[in-house]
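Taking it in order: structure first as structure tokens, then the write-up.
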Amino acid sequence: MGRDPLQAIRTWFASRKWQAWEFQTQTWEAYRAGRSGLVQVATGAGKTYAAYLGPLAELIDEAASPGGLSPGLKVIYVTPLRAVSRDIELALREPVLELGVSITVESRTGDTASSVRARQRERLPHVLVTTPESLTLLLTRADAATQLGGVRCVILDEWHELLASKRGSQTELAMARVRRFSPQCRTWALSATLPNAQAAAMAAVGVGGDTALESKATKRGGAAQRSQEPVIIRADMERPVIIDSILPQGSTRLPLAGHLGLVMAGEVAAALDPAVPTLIFTNTRSQAERWFHALLAIKPEWAEIAALHHGSIDRDERERVEAGLKSGAIRIVVATSSLDLGVDFAPVERVLQVGSPKGIARLVQRAGRSSHRPRTPCRISCVPTHALELIEIVAARDALARGDVEPREPIPCPLDVLTQHMVTCALGGGFVPDELFAEVRRAWSFRELSRADFDWCLAQVRHGGEALKAYPDYRRVEEENGRMVVKSSRIALIHKFNVGTITGDTTVEIRYLGGRSLGRIEETFVAGLNEGQRFVFAGKVLRFVMMQDLVAYVKPGYGQAHLTPIWGGTRLPISESLSRAIRQTLEDLSRGRADCPELVHALPVAEIQARESVIPGADDVLIEITRTREGTHAFVFPFEGRLVHGGLAAVVALRLTRVHKATFSIAANDYGFEIVSADDLPFEDLLTPGLFSKAKLAEDAAESSGTSLLAKLQFREVARVSGLVIQSLPGRARSGKQLQANAALMYDVLSEFDPGNLLIEQARREVMDKHFEQSRLGRTCDRLSGGRLRIVVTARPTPLSFPLLIERQAGRLSSETILDRVAKMRDSWVSGVVKATRTQEASSPWKAASDSGSRPKPPVWDDALPVPKIEVEPAQKPRRRRPPRPTIPRW
Amino acid sequence: MTLLPQRAALWGVGRTLLVADLHLGKCETLHGAGVPVPGGVHVEALARLGDAIRVSGAQRVLILGDLLHAPAGNTKAMIDGVAAWRATFPLPMQLVEGNHDRRVREAADAWNIDLLGARHLEQGVLFTHAPTADIGESVYAWCGHLHPAIKLHGGRLPLKLACFHLTPRVGVLPAFSRLTSGAGLRRGPGDRVFAIAEGCVVEA
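Heads up: the sequence lines are chains A and B, in that order. At position 706 of the first sequence the residue is numbered 1239 (this note's numbering), and the sequence of numbers has no breaks. At position 22 of the second sequence the residue is numbered 23 (this note's numbering), and the sequence of numbers has no breaks.
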């Protein structure tokens, strides 16, 4: 051919008066050399074209050749965000249209119209934009091997987002399959800056497999490249990130605890310029709702230009907000992580972060949403919600300056994802176990998968594992001529409907009576509503009317509503990098550092802390012992995030009970944890470095309260992904009622009747890793048992310990038994303090009774009725006195 | 009426053991859909029922509906398995039919269970599957159907316990099957709730 195959691309760039960045040409060259790799560059720098134009040049070249471009899928573009697939499709089609070549570009996601899907069933486009879930669905097609046989390149967009999740594991397995079907396929991942780029790249491109497969692949010329190391291309495009803060003015004072930060609403409203497009990020959906409401209360005139955006709001509404931002009609958006990624909001000029940044990478990602132009600085203004967050902001800034950003690690060997993948492969033309084992081990996360675990998963899908062997009705995957296939069309359908690893709670649609949908909300919240009750959702005050078939009907409400839904999900802990930085900043503060406005502002609180106790140094672990009417409190401050503290508190409480018989209550937040006993305990002597020893840590964590309950909660995801619980069924939701079994139930049943179940094991392991961040817990223990414990006896709670007192009142952790809890519930019921457990109206016999027109009678156990005499075993538990609510001490 | 931790209640009249919502065949239904539930679940249910009969010295068993789960679960192996168990308990068993008992005749014949229709009135007490509006003012009713459960808050994680929910006019039994998830209950004034926790029945 002789000419430069990239010529067409260069011409196109020139026609748009663009200059190709160096990283773009590097990537094109590397692709042309047959390499795979990872492009690390900030959002908005043009990485899409870096990865895409290489393969496109190849396609254009081929289209110009005498034979023309053969039909069939050539390039797959995987994005984690279904919502942006349309925008990506348009961006990918642009050069094709302008260069006038006949290359088809389409997208296929859960939102794709059925007509387009039908056409794609017949013939796939040359370039396909899709999500990990839809990619997996492609693999379930019986002709997957032929359909995917011609794929040359797969582009994995926002790989840093997928990488550390089960969606990432799912993508890795799917990629291993695609590479098997098409050995010449190259993979290019696009990611934000990651400190562990090598692992991220390996996860994207996979690892070399066994030689038998290699030799088969060699004749197509793919093996040689694949066994090469991935190319990592870093662009020298980093945009400087400026972190500043909006500080309280005048008489406003930051509270010592809390996370809503509404006290700052006035300052924020004053700082905002309605002409400047602004994103206000919050940490939770309910916080977003509250802030949106608070801002509008201060500035009602912003009603037209302000909007709310979070994951539970209806997609149409979210799209309207996004379009409004682009067009400039909407200029202030209160959002959650739903706007962290995706669409380029070129016009956004200012970004605010309300509350703790939680992590450096997260703050940088959010800052990157501002002025989406390469090489211009991006700026994020933090709004502290309590006094100690001032220190977090400074710490985040320092950590970023040092380049200390959190790594993201792929999940090692998630067997639930593998189980699902097996059914996918069985559907997509079937598989031979030996071959699949070799193939799966070429996915980075599964490179150490043992044959025993593989066989266990295989047994799980074939006959349900050991516990089920005797049951002939159970068949998911069956053997046919040496291949594992799915025979039942019903099972095939159920599987296709449930592909994916995104698990959600049961949510209920919120809809105006006879009108449009507003979004989705957790069923438990709606279940607690009474008719006519007002609540805030999607920034509107709504009045609850009724609930029917998983739709909650509402009418517009007026005036004030005091109810804001709280969505499920654990609160994100601060990252390890950030907590390290916080300890350093505290040490600086104790040495009198006051070189930035946040620290100047934190000075009064720091002075109280120094007077009442000490400000811990970076390597110190401060332990404050305080005696109050409640008993003896030990406050321990490792600064390692709420999850680690929760785990550690449970372990330490357990270890304490071994040396000293007592009952402990515990509480944890991002800074430390509290252990309190009603007795006067000599914590000064009890809290020794040995108590934090790493020896038997896993066993103690497992034995301490909560692990098994947490595992049960975690099992929800495992059960859903592995197909133990069917989340959605084809056809109407109700028709599947008889198949419903919830994951908590399955957890109980499996732990009792199938104790060796590896999926239960996996849930436990995930709890240890994810909830207790086990490795981090271990590192923390190392630090605590080896470090300097600074035990200080304080006269009253200090600014550091006071938030923990509040936290415990909120009842987050306790070491009570179930019977204790039942007794407590009875007490609260008797004293009428706590609202009774509520549920849907329809399931209450009282509702049924009142339907007949007779209102429920007041509580009279009328002798005229044959009321039964009830005998039960009496539960004798002493009633506990409710502890007084903590008040801020007078320092 | 004595409430038993086996998720059953003993009625003094004729020493009758009351149970509701056995949902036999749910495992088989799930297997058919490719969900690997261990089969031990219904073995445990039958063992627990046997246990309740022995402990209470019951002379009769009255099932308040939902003996079966779904027609797809009525496999021959399941029917035969239960029949073998039934043969070891020579006491009368009766069924008030519930909404799941659509094709119960065949199973009831195989298991020697008498069908009492949808409502059964005895000694001024009404037994029915679902607590509906037409229970009437003058009788006390016992039913199942709702799978009542209480949620315990205040601890680290919410916890659900199966329970007996006794309102001034209706007593609702917990679901006998452990392969059912409880629906939270709405407590009205004058209601009493007895939860099953750690092998005992405690008022909650």
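Every residue, glycine too, gets a C-beta built ideally from N, C-alpha and C. Computed from a predicted model, the values in this text were never measured in an experiment.
Query raised in the report: With a cut-off of 8 Å, does the C-beta of A:ARG1256 fall near any C-beta of chain B?
Result: Strictly speaking, residue 1256 of chain A in this sequence is Gly, with Arg absent from that position. Among the residues facing chain B, A:GLY1256 is included, as its CB has a counterpart in that chain under 8 Å away.
Query raised in the report: Which full runs of the beta strand (DSSP E) of 3+ residues lie inside the segment 1162–1226 of chain A, going along the chain?
Result: Those beta strand (DSSP E) runs which fall completely within the segment 1162–1226 of chain A and span 3+ residues are 1164–1170, 1197–1201, 1206–1210.
Report task. Would you mind stating whether B:CYS144 and B:ALA134 have Cβ atoms separated by less than 8 Å? Result -> One thing to note: B:CYS144 has its Cβ no nearer than 8 Å to the Cβ of B:ALA134.
Report task. Report the rounded CA-to-CA distance for A:GLY888 versus A:HIS842, giving the unit in angstroms. Result -> In this structure, the CA atom of A:GLY888 is about 17 Å from the CA atom of A:HIS842.
Report task. Name the two residues that bound the continuous alpha helix (DSSP H) containing A:MET735. Result -> Membership of A:MET735 in the alpha helix (DSSP H) is indicated by the continuous run 730–738.
Query - Test: A:ASP949 CB closer than 8 Å to a CB of chain B - result: Judged by the 8 Å Cβ criterion, A:ASP949 is not in contact with chain B.
Report task. Ignore the nearest five residues each way along the sequence and tell me which others in B:ALA71's own chain have a CB closer than 6 Å to its CB. Result -> Excluding sequence neighbours, B:ALA71 sits near THR30.
Query raised in the report: So, helix, strand or coil for B:MET2, using DSSP?
Result: Three-state result, B:MET2: coil.
Query - Extent of the continuous alpha helix (DSSP H) to which A:TYR1007 belongs - result: Under the DSSP assignment, A:TYR1007 falls outside any alpha helix (DSSP H); it carries neither an H nor an E label.
Query raised in the report: With 8 Å set as the bound, which would you pick, yes or no: does the beta-carbon of A:ASP988 sit closer than that to a beta-carbon of chain B?
Result: Taking 8 Å as the threshold, the shortest C-beta distance from A:ASP988 to chain B does not fall below it.
Query raised in the report: Leaving out five residues before and five after A:VAL1138 in sequence, what residues of the same chain have Cβ atoms less than 6 Å from its Cβ?
Result: Counting only Cβ-Cβ distances below 6 Å, and skipping sequence neighbours, we find ALA920, PRO1332.
Query raised in the report: B:LEU18 by DSSP, collapsed to three states: which one?
Result: In the structure shown, B:LEU18 sits in a strand (DSSP, three-state: E or B).
Requested in this report: With DSSP as the reference, please indicate the residues paired to B:ARG120 in a beta bridge.
Outcome: As DSSP reads the structure, B:ARG120 sits in a beta bridge with B:THR129.
Requested in this report: Go to B:ASP110, then tell me how far its alpha helix (DSSP H) extends in each direction, as first and last residue.
Outcome: For B:ASP110, the uninterrupted alpha helix (DSSP H) run begins and ends at 105–112, by DSSP.
Query raised in the report: Using a Cβ-Cβ cut-off of 7 Å (strictly less than) and excluding sequence neighbours within five positions of A:VAL965, which residues of its own chain qualify?
Result: Taking C-beta separations shorter than 7 Å and ignoring five residues to either side along the sequence, the partners of A:VAL965 in its chain run GLY1015, ARG1016, following chain order.
**Report entry** Neighbourhood of A:ASP537 by C-beta distance below 8 Å, restricted to the same chain and skipping five residues each side
**Finding:** If we look at A:ASP537 and ignore the five residues flanking it on each side, its Cβ neighbours are ARG543.
Query raised in the report: In the DSSP assignment, what residue or residues form a beta bridge with A:PRO1137?
Result: Residue pairing by DSSP leaves A:PRO1137 without any beta bridge partner.
Query raised in the report: Could you give the residue range of the beta strand (DSSP E) that holds A:MET1301?
Result: Looking at the DSSP string, A:MET1301 is not in any beta strand (DSSP E), and its letter there is neither H nor E.
Query raised in the report: When the Cβ atoms of the segment 851–870 of chain A are set against those of the segment 806–820 of chain A, are three or more pairs found closer than 8 Å?
Result: By the Cβ rule, the segment 851–870 of chain A counts as touching the segment 806–820 of chain A, because three or more pairs are nearer than 8 Å.
Query raised in the report: Under 8 Å, do A:ALA1201 and A:MET1301 count as touching if we go by C-beta distance?
Result: Taking 8 Å as the Cβ cut-off, A:ALA1201 and A:MET1301 do not qualify as a contacting pair.
Query - A:TRP1394, buried or exposed, once every other Cβ within 10 Å from all chains shown has been counted against 16 - result: At A:TRP1394, the pLDDT of 28 sits below 50, so the modelled position is not reliable and the matter cannot be decided from this model.
Query raised in the report: Is the CB-CB distance between A:ALA734 and A:GLY861 below 8 Å?
Result: No, they are not a contact pair.
Query raised in the report: Is it the case that the Cβ atoms of A:VAL611 and A:VAL687 are separated by a distance below 8 Å?
Result: Between A:VAL611 and A:VAL687, the gap from beta carbon to beta carbon is short of 8 Å.
Requested in this report: Could you check what DSSP says for A:CYS946 in three-state terms: helix, strand or coil?
Outcome: In this structure, A:CYS946 counts as coil in the three-state DSSP scheme.
Query raised in the report: Straight-line CA distance for A:SER1383 to A:GLU1042?
Result: Bear in mind that a pLDDT of 31 at A:SER1383, under 50, signals an unreliable position, so the number given afterwards is only what the model happens to contain. Taking the straight line joining both Cα atoms gives about 27 Å.
Requested in this report: Could you have a look at A:ILE542 and say whether DSSP puts it in helix, strand or coil?
Outcome: It is helical.
Report task. Below 8 Å on the Cβ atoms is my guess for A:LEU780 versus A:PRO1130; work out the distance and round it to an integer in Å. Result -> Between A:PRO1130 and A:LEU780 the Cβ distance is about 6 Å, and since that is below 8 Å, they are a contact.
Report task. Would you list, in chain order, the members of the segment 25–37 of chain B that have their beta-carbon closer than 9 Å to a beta-carbon of chain A? Result -> Cβ proximity to chain A below 9 Å picks out LYS27, CYS28, GLU29, THR30, LEU31, HIS32, GLY33, ALA34, GLY35, VAL36, PRO37 from the segment 25–37 of chain B.
Query - A:LEU896 to A:ALA709 span [Cα, whole Å] - result: Their backbone Cα atoms lie some 33 Å apart in a straight line.
**Report entry** Interface residues of chain A facing B:VAL42 [CB-CB closer than 9 Å]
**Finding:** Under the 9 Å cutoff, chain A gives VAL1282, GLU1285, PHE1286.
Report task. Leaving out five residues on either side along the sequence, give the residues of the same chain with a beta carbon under 7 Å from the beta carbon of A:ASP949. Result -> Take A:ASP949, set aside five residues on each side of it, and the residues of its chain with a beta-carbon closer than 7 Å to its own are VAL1251, VAL1254, SER1255, LEU1292, GLN1295, in chain order.
Query raised in the report: Which residues share a DSSP beta bridge with A:THR720?
Result: For A:THR720, which the question treats as bridged, DSSP gives the partners A:VAL687.
Query raised in the report: Measuring CB to CB, does A:PRO943 end up less than 8 Å from A:SER1308?
Result: Against a cut-off of 8 Å, the Cβ pair of A:SER1308 and A:PRO943 comes out as no contact.
Query raised in the report: Looking at the C-beta of B:ARG16, does it have a partner C-beta in chain A at a distance below 8 Å?
Result: With 8 Å as the cut-off, B:ARG16 does not count as an interface residue toward chain A.
Query raised in the report: Do you know offhand how far B:GLY185's Cα is from A:GLU1055's?
Result: Cα to Cα, B:GLY185 sits roughly 15 Å from A:GLU1055.
Query - Per-residue contacts from B:ARG179 into chain A (C-beta, under 8 Å) - result: Chain A residues near B:ARG179: LEU1278, ASP1281, VAL1282.
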